[in-house]
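Engineer: Residues in the sequence shown are numbered from 1 upward in steps of one, following our numbering.
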Amino acid sequence: MPELPEVETTRRGLGPFIVGKSIESLEVREPRLRWPVPRDLDEKLSNRCIVRLGRRGKYLLIVTDGGTLVVHLGMSGSLRYLPEPRSPGVHDHVDIRFADGARLRFNDPRRFGSLHFSTEPLGHPLLRHLGPEPLGDKFDGEYLERACEGRRVAIKQHLMNGRVVAGIGNIYANEALFRAGIHPARQAGRIARRRLDQLAGTVRDVLNDALGQGGTTLRDFVASDGRPGYFKLSLEVYDREHAPCTRCGRPIRMRRLGQRATYYCAACQR
Ligand code: ZN
């Protein structure tokens, strides 16, 4: 499932291929995504030039000289650059056709992804309440202390709340809490500043580790068949129920927190 590092890798991987290109038209084969593809999207994007690619949380921002296409990859979405047209597969829902004949193709088997257009993307209803970027300089222990103060919600749920910090999904929340030695169910407001400093650091570390592994997959964004091989961080707790803890050897436990599978070591995380 594409999380923040995959979206950032997509941004870095696609940029060299599509920035500077002129959009001829949009081809929508299946508009029923998480939200319907806006009917006027073709009109909005046609004859526009892509000036840069940005990212906010898990949203990819394809910025043109006339507004921004806001892309969310959902559970299973991916974007692929095709230097030459080829016939679409069953899950290839949308193509952006460039003036030079190349295409950018959006594939999404589960259709939880979305495409929106906005002239002010950071003010878009989906984006405007997002908290700071976890890899940006506003996210640190001091910020977390303020964001957690008086909060009784479990720290893991708090961390996965986009208003607290943008784009931390389930896998990375599990891993960051393990590395920081913090129990995922601990109340957010009852964690000492020193430990929140640590947590801000481990959040960055797990994301950066995943990004480091993504570096080798950039060429996957061009033309090869199938979907990009989203990289898997070597995970210490996520999806490891009953397996031995990498630190103390005791079995990793699993429970549900806010419906989400939560993995932890009861001895190493407090
Ligand atoms: Zn342990």
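Where is the CB? At the ideal position from N, CA and C, for every residue including glycine.
Between residue 267 and the ligand ZN, is there a pair consisting of the residue's CB and a ligand heavy atom that are separated by less than 7 Å?
Structural biologist: To locate residue 267, count along the sequence shown from 1; it is residue 267. Yes, Cβ of residue 267 sits closer than 7 Å to a heavy atom of the ligand ZN.
Engineer: Quick check on DSSP: helix, strand or coil for residue 174?
Structural biologist: Residue numbering aside, residue 174 sits at position 174 when the sequence shown is read from its first letter. The answer is helix: DSSP assigns residue 174 an H, G or I state.
Engineer: Can you give the Cα-Cα distance for residue 307 and residue 189, rounded to whole angstroms?
Structural biologist: No information on residue 307 is available, as it lies outside the stretch 1 to 270 that the chain covers here.
Engineer: Are the CB atoms of residue 203 and residue 134 nearer to each other than 8 Å?
Structural biologist: By 1-based counting over the sequence shown, the position of residue 203 is 203. By 1-based counting over the sequence shown, the position of residue 134 is 134. Yes, these two residues count as a Cβ contact at 8 Å.
Engineer: My output table needs one value for residue 139: the three-state DSSP class, helix, strand or coil.
Structural biologist: Within the sequence shown, the letter at position 139 stands for residue 139. Three-state DSSP puts residue 139 in coil, outside helix and strand.
Engineer: When every heavy atom of the ligand ZN is checked, does at least one fall within less than 7 Å of the C-beta of residue 49?
Structural biologist: Position 49 of the sequence shown holds residue 49. No.
Engineer: From residue 243 to residue 236, what distance separates their C-alpha atoms?
Structural biologist: Numbered from 1 along the sequence shown, position 243 holds the residue referred to as residue 243. Numbered from 1 along the sequence shown, position 236 holds the residue referred to as residue 236. Going by the C-alpha atoms only, they are around 10 Å apart.
Engineer: Given this structure, state the Cα-to-Cα distance separating residue 168 from residue 208, to the nearest angstrom.
Structural biologist: Stepping through the sequence shown from its first residue, residue 168 is reached at position 168. Stepping through the sequence shown from its first residue, residue 208 is reached at position 208. Between residue 168 and residue 208, the C-alpha separation is close to 13 Å.
Engineer: If you draw a straight line from the C-alpha of residue 115 to the C-alpha of residue 172, how long is it?
Structural biologist: Walking along the sequence shown from the start, residue 115 turns up at place 115. Walking along the sequence shown from the start, residue 172 turns up at place 172. Cα-Cα distance, rounded: 25 Å.
Engineer: Taking the C-alpha atoms as reference points, what is the distance between residue 260 and residue 1?
Structural biologist: Along the sequence shown, one-based indexing puts residue 260 at 260. Along the sequence shown, one-based indexing puts residue 1 at 1. Taking the straight line from one Cα to the other gives about 14 Å.
Engineer: Given that a residue counts as buried once 16 or more other Cβ atoms are within 10 Å of its Cβ, and exposed if not, what is residue 58?
Structural biologist: Numbered from its first residue, the sequence shown carries residue 58 at position 58. Answer is buried; the Cβ neighbour count reaches 16.
Engineer: Say yes only if the C-beta of residue 250 is nearer than 7 Å to one or more non-hydrogen atoms of the ligand ZN, and no if none qualify.
Structural biologist: Counting from one through the sequence shown, the residue named residue 250 turns up at place 250. Yes.
Engineer: Alpha carbons only, please: which of 124, 64 and 3 is nearest the one belonging to residue 23?
Structural biologist: The residue labelled residue 23 in the question sits at position 23 within the sequence shown. Of the candidates 124, 64 and 3, the one whose C-alpha sits nearest the C-alpha of residue 23 is 64.
Engineer: At what residue ranges does the segment 21-108 contain a whole run of the beta strand (DSSP E), taking only runs of 3 or more?
Structural biologist: If we require 3 residues or more, the beta strand (DSSP E) runs fully inside the segment 21-108 come out as 23-28, 50-56, 59-64, 67-72, 78-82, 92-98 and 103-107.
Engineer: Please tell me whether residue 19 and residue 52 are closer than 8 Å, where the distance is taken between their beta carbons.
Structural biologist: The residue given as residue 19 occupies position 19 in the sequence shown. The residue given as residue 52 occupies position 52 in the sequence shown. Against a cut-off of 8 Å, the Cβ pair of residue 52 and residue 19 comes out as a contact.
Engineer: By a C-beta neighbour count over all protein chains shown, 10 Å radius and 16 as the cutoff for buried, is residue 3 buried or exposed?
Structural biologist: Reading the sequence shown from its first residue, position 3 is the one you call residue 3. Looking at its Cβ environment, which holds 16 or more other Cβ atoms inside 10 Å, residue 3 is buried.
Engineer: Residue 61 and residue 96 look like a contact to me (Cβ under 8 Å); what is the Cβ gap, rounded to whole Å?
Structural biologist: Here residue 61 refers to the residue found at position 61 when the sequence shown is read from its first residue. Here residue 96 refers to the residue found at position 96 when the sequence shown is read from its first residue. Rounded, the Cβ-Cβ distance is 14 Å, inconsistent with contact.
Engineer: So for residue 269, helix, strand or coil by DSSP?
Structural biologist: Sequence index remark: in the sequence shown, residue 269 carries index 269 (1-based). Residue 269: coil per DSSP, three-state reduction.
Engineer: Quick one: using the 10 Å Cβ neighbour count with 16 as the cut-off for buried, is residue 119 buried or exposed?
Structural biologist: For this step, residue 119 is matched to residue 119 along the sequence shown. Answer is exposed; the Cβ neighbour count stays below 16.
Engineer: Cα separation between residue 154 and residue 184?
Structural biologist: Within the sequence shown, the letter at position 154 stands for residue 154. Within the sequence shown, the letter at position 184 stands for residue 184. Cα to Cα, residue 154 sits roughly 6 Å from residue 184.
Engineer: Between the Cα of residue 240 and those of 99, 17, 112 and 178, spot the shortest distance and give me the residue it belongs to.
Structural biologist: Looking up residue 240 in the sequence shown gives position 240. That would be 178, whose Cα lies nearest to the Cα of residue 240.
Engineer: If you draw a straight line from the alpha carbon of residue 251 to that of residue 194, how long is it in whole angstroms?
Structural biologist: Here residue 251 corresponds to residue number 251 of the sequence shown, with the count starting at 1. Here residue 194 corresponds to residue number 194 of the sequence shown, with the count starting at 1. Distance between the alpha carbons of residue 251 and residue 194: 27 Å.
Engineer: Would you identify the three-state DSSP class for residue 259, choosing helix, strand or coil?
Structural biologist: Position 259 of the sequence shown, counted from the start, is the residue given in the question as residue 259. Coil, per DSSP.
Engineer: Tell whether a beta-carbon distance below 8 Å holds between residue 211 and residue 38.
Structural biologist: In the sequence shown, the residue the question calls residue 211 occupies position 211. In the sequence shown, the residue the question calls residue 38 occupies position 38. Contact flag unset, no.
Engineer: With a threshold of 6 Å on Cβ separation, who are the neighbours of residue 68 within its own chain once the five nearest residues in sequence on each side are excluded?
Structural biologist: Taking the first residue of the sequence shown as 1, we reach residue 68 at position 68. Same-chain partners within the cutoff: 61, 118 and 121.
Engineer: Is it right to say residue 170 is buried, meaning 16 or more other beta carbons lie within 10 angstroms of its own, or is it exposed?
Structural biologist: The residue you call residue 170 lines up with position 170 of the sequence shown. Result: buried.
Engineer: In the DSSP assignment, find the unbroken alpha helix (DSSP H) run with residue 115 in it and report its ends.
Structural biologist: The residue you call residue 115 lines up with position 115 of the sequence shown. Note, residue 115: premise wrong, no alpha helix (DSSP H); beta strand (DSSP E) at 114-118.
Engineer: Output the residue ranges of the alpha helix (DSSP H) runs that lie fully inside the segment 147-212 and measure 4 residues or longer, sorted by chain position.
Structural biologist: Whole alpha helix (DSSP H) segments, 4+ residues: 155-159 and 170-180.
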